[in-house]
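There are 2 protein chains.
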Amino acid sequence: MKEGKFRILAEDGNARCGVYATSSGEFDTPNFMPVGTRGSVKGVDCERLEEIGTQIVLVNTYHLWIRPGVEHVKALGGIHKFTGWNGPILSDSGGFQIYSLSSLRKITEEGVEFRSHLDGAKKFLSPELAVSLQEDLGVDIAMALDECPPADLSYGEVERSLNLTLRWASRSLKAKTKDTMSLFGITQGGCYKDLRARSAEEICAMDFDGVAVGGLSVGEPKDVMYEVLDYHVPDLCPRRVRYLMGVGTPRDIVEAVRHGIDLFDCVIPTRSGRFGRAFISGEEPYINIKNSRHAKADMPLDEGCLCLSCRRYSRGYIHHLFKSGEMLGPQLVTIHNLAHYMGLMASIREAVKAGQFGALYRKIRMRYKGVDIEEGCNDKKGGDKEEV
Amino acid sequence: MKEGKFRILAEDGNARCGVYATSSGEFDTPNFMPVGTRGSVKGVDCERLEEIGTQIVLVNTYHLWIRPGVEHVKALGGIHKFTGWNGPILSDSGGFQIYSLSSLRKITEEGVEFRSHLDGAKKFLSPELAVSLQEDLGVDIAMALDECPPADLSYGEVERSLNLTLRWASRSLKAKTKDTMSLFGITQGGCYKDLRARSAEEICAMDFDGVAVGGLSVGEPKDVMYEVLDYHVPDLCPRRVRYLMGVGTPRDIVEAVRHGIDLFDCVIPTRSGRFGRAFISGEEPYINIKNSRHAKADMPLDEGCLCLSCRRYSRGYIHHLFKSGEMLGPQLVTIHNLAHYMGLMASIREAVKAGQFGALYRKIRMRYKGVDIEEGCNDKKGGDKEEV
């Protein structure tokens, strides 16, 4: 058990508030990681990320391996010097991208053979190589390579996949050579309760620095995801940091925090920002700034927000930027959405510390009831495929 | 003669250093205006513009008139509140854009009839309307509507055009109602010495707050432009601020300052930035960051620069951003190029004050000898047509 890097400072029901220490500094939990797939949070520079309170960012091993190459990042001083982000960095193992982006993938006991989505070049990724690539990138937290099966697989197929993921998890731990880097294990098991239970038990029995819930937010209905969180999260070693991968909306986040999740990443604030969807704190949970009703609005995106967009620009101006195809439009809504998420996470931490999380949870749940902020954000215009 | 708004603080040969006062604050001269065609300097927010020392920006009446509409900008509090830029703002009259972007234009004594490049709608712009639109936008400095003939017209055609521009200049002055707004006249006359002389004499005899040199940088060879500056600028009322429209490279700028020009605007730093051309202060005058030789360079764009790009990111990283199509790449090079221009203008002002302008002029002239930083930046990829 490696709980040394993670300190829990307060609990409120199953929700927790803590601090995780990395060699690039600490981050508070619960926390949200902006997605910097190819080493850049789209349209947002590091100083703006710092200004809005970002503490940790996510980069993607698959993308950086394919271009510019891990050796290349290493030659440029490692991932922190490369991206300009000096704080904690967590990397995806690359598995999820291989399954969703590349063609001709073939999964064997040894690893996964696939073709690059850029040039079709044949590549092979094993659990050992995934750890080694992440060590070479120089990230603070690496993820073990897993197999992430689609939501609609049969029990037998998910069980076979889970067994492979567990063997890969064990091999990942053995492959790790850098003490300064954390390595997180990933649970799978789809929406099958007993497979999730076994996954939790076996991953928690291994010497990982943290545990991530994989295989959710992959197309299953929301209530199924919440049900899995309900029975699965209590099984996850309570003194290690818990990361729910690829989640989610503010509603999903408070739901998961309520079950005891500590860390999140998701493209929603950035991708929806590029599409002109802005999270706000007024009557509506979000607005689409491209809507003509905002053309003459002289108020900021969100009256209470202190981000660059809100302290300097009106909705009418940002509407004009989107209508005119000016790149500043997507930049400003992305910054605002990330600021909104950072504010949400800070308010969650404060609520847990004050023993008031239940009230915050109910408020957010009500607010986002029936809201689908991602609707219509999935065509290719926003470059979402590239952000996987 | 309205020299009250412009104070000359120092002179060195024909070069001058001064201050121009507007109702949104003063700006130092010589100065350079980043181009915010549609109310946004592409990819750069107002706080970054301030940080790098921008004192005045340019917006375009034609574009804002077509979309979102001048009444619309006015309803949103005017151009300063709309764009978020609180300092001085100068607007183009719109004439140049009508001549270069719109179809079916027909120039009469009264004004110019044209079709919008967006939707083909029929529009009519007169000198009076150009002033009124700029007053409604709420800019600090407006430009009189002129006719800007192409570089290759005959003497007779240029003379006819100049006469029209002079009559329009007179009508523009009469149309002005707002004392707080400056109005600048524009000289024309192509590359014909006697027409330039008459243009200067007549425009300077009118009650403009400043005088702009139009009809240069429209396709004529550089040596022709420099020759025109040589005989034309001395004729321009010496105690009013002098603005050379649409110019230019650092080489062009020092050449024009040497002749006594005080103000510039140009898309070169922004457009070339979006194409990956970065001005540097090292051995070369600029680099193309997309070139593979920068892929592994861990130095910043420019060692001596303090801009966001240079204090935070390496050439290798910015190269990666361009290769990956990440919007942060164009953002960073644009910021750097504008910072480079602001640094150039500050060093010009310091040199003039110190009586050392000649040495700076020779240094810049040598540095840019035979350099064409715009080469290859004129296809449609960078959206240059939209920036006219």
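Quick note, the sequences are listed as chains S and C, same order.
Take the first sequence: its position 277, counted from the start at 1, is 277 in this note's numbering, and no numbers get skipped.
Take the second sequence: its position 207, counted from the start at 1, is 1207 in this note's numbering, and no numbers get skipped.
Quick reminder that beta carbons are idealized off the backbone N, C-alpha and C, glycines included.
Quick caveat: nothing in here was measured; it's all calculated off a predicted structure.
Helix, strand or coil: which one does DSSP assign to residue i?
i: glutamate 1255(C); result: helix
i: cysteine 1017(C); result: strand
i: isoleucine 1373(C); result: coil
i: glutamate 1157(C); result: helix
i: glutamate 147(S); result: coil
i: lysine 385(S); result: Note on lysine 385(S): pLDDT 46, under 50, position unreliable in the model; no value is reported.
i: aspartate 1262(C); result: coil
i: aspartate 435(S); result: With chain S covering 1 to 388 only, the question about residue 435(S) has no answer from this structure.
i: alanine 1121(C); result: coil
i: serine 93(S); result: coil
i: alanine 354(S); result: coil
i: tyrosine 1062(C); result: helix
In the DSSP assignment, the beta strand (DSSP E) including residue i goes from what residue to what residue?
i: arginine 277(S); result: 277–279
i: leucine 1244(C); result: 1241–1244
i: serine 103(S); result: 103–107
Got a sec? Which residues, its chain only, sit under 7 Å from residue i by beta carbon, not counting five neighbours each side?
i: threonine 1177(C); result: Glu1135
i: valine 1023(C); result: Per the sequence shown, the amino acid found at residue 1023(C) is serine instead of valine. Hits under 7 Å: Asp1140, Thr1180.
i: alanine 15(S); result: Val257, Arg258, Gly260, Val352, Phe357
i: isoleucine 287(S); result: Ala278, Ile280, His294
i: glutamate 374(S); result: Ile268, Ser272
i: proline 330(S); result: Gly43, Gly273, Arg274
i: arginine 1349(C); result: Cys1017, Asp1028, Pro1030
i: serine 102(S); result: Phe114, Arg115, Ser116, His117
i: tyrosine 1020(C); result: Lys1005, Phe1006, Glu1026, Phe1027, Thr1029, Val1241
Within a Cβ cutoff of 8 Å, which residues of the same chain sit near residue i, ignoring the five residues on either side of it in sequence?
i: methionine 342(S); result: Phe32, Ile52, Gly53, Thr54
i: tyrosine 1368(C); result: Thr1249, Pro1250, Arg1251, Pro1285
i: leucine 216(S); result: Met225, Val228, Leu229, Leu244, Met245, Gly246, Val247
i: glutamate 1109(C); result: Leu1164, Arg1167
Can you check whether the C-beta of residue i is within less than 7 Å of a C-beta belonging to chain B?
i: cysteine 377(S); result: Reference to chain B is not applicable here, since the protein chains of this structure are S and C.
Residue range of the alpha helix (DSSP H) that residue i falls in?
i: aspartate 1136(C); result: 1127–1137
i: glutamate 113(S); result: Here glutamate 113(S) belongs to no alpha helix (DSSP H); instead the beta strand (DSSP E) covers 112–115.
i: leucine 360(S); result: 357–367
i: valine 70(S); result: 70–75
i: proline 1269(C); result: 1268–1274
i: threonine 395(S); result: Here chain S has residues from 1 to 388 only, and residue 395(S) is not among them.
Which residues in the same chain as residue i place their Cβ atom closer than 6 Å to its Cβ, once the five residues preceding and following it in sequence are excluded?
i: asparagine 337(S); result: Pro269, Gly273, Phe279
i: leucine 1308(C); result: Ile1335
i: glutamate 255(S); result: Tyr226
i: phenylalanine 1096(C); result: Cys1148
i: glutamine 138(S); result: The amino acid occupying residue 138(S) in the given sequence is glycine; glutamine does not appear at that position. Within the same chain, glycine 138(S) has close Cβ partners Gly78, Ile79.
i: alanine 151(S); result: Val218, Gly219, Glu220
i: isoleucine 66(S); result: Ser116, Leu118
i: glycine 1189(C); result: Leu1162, Leu1195, Arg1196, Ser1199
>> As an exercise, report each continuous beta strand (DSSP E) stretch of at least 3 residues that is fully enclosed by the stretch 1162–1224 of chain C, in chain order.
In response: 1182–1187, 1210–1213
> When Cβ atoms are compared, which residues of the stretch 311–325 of chain S fall closer than 7 Å to chain C?
Replying inline: Arg312, Tyr313, Ser314, Gly316, Tyr317, His320, Leu321, Lys323, Ser324
> Along the stretch 1117–1146 of chain C, what residues have a CB closer than 9 Å to any CB found in chain S?
Replying inline: none
>> If we require 4 or more residues per run, which alpha helix (DSSP H) segments fall completely within the stretch 1278–1352 of chain C?
In response: 1308–1312, 1315–1323
> Counting only runs that start and end within the stretch 3–60 of chain S, where is the alpha helix (DSSP H) found for 4 or more residues in a row?
Replying inline: 46–51
>> Counting only Cβ-Cβ distances shorter than 8 Å, please list the residues of the stretch 76–94 of chain S near chain C, keeping chain order.
In response: Leu76, Gly77, Lys81, Phe82, Thr83, Gly84
> In the stretch 1185–1216 of chain C, which residues sit with their C-beta less than 7 Å from some C-beta in chain S, listed in chain order?
Replying inline: none
> For the stretch 24–56 of chain S, which residues have a beta carbon sitting closer than 7 Å to at least one beta carbon of chain C?
Replying inline: Arg38, Gly39, Ser40, Lys42, Gly43, Asp45, Cys46, Glu47
>> So if I threshold CB-CB distances at 9 Å, which residues from the stretch 1328–1340 of chain C count as touching chain S?
In response: Leu1328, Gly1329, Pro1330, Gln1331, Leu1332, Ile1335
> Looking at chain C, which residues of the stretch 285–298 of chain S have a Cβ within less than 9 Å of any of its Cβ atoms?
Replying inline: Ala295, Lys296, Ala297, Asp298
> Relative to chain C, which residues along the stretch 263–285 of chain S have a C-beta separation below 8 Å, given in chain order?
Replying inline: none
>> So if I threshold CB-CB distances at 8 Å, which residues from the stretch 1147–1177 of chain C count as touching chain S?
In response: none
>> Which residues of the stretch 56–70 of chain S have a Cβ closer than 7 Å to any Cβ of chain C? Give them in chain order.
In response: Arg67, Pro68
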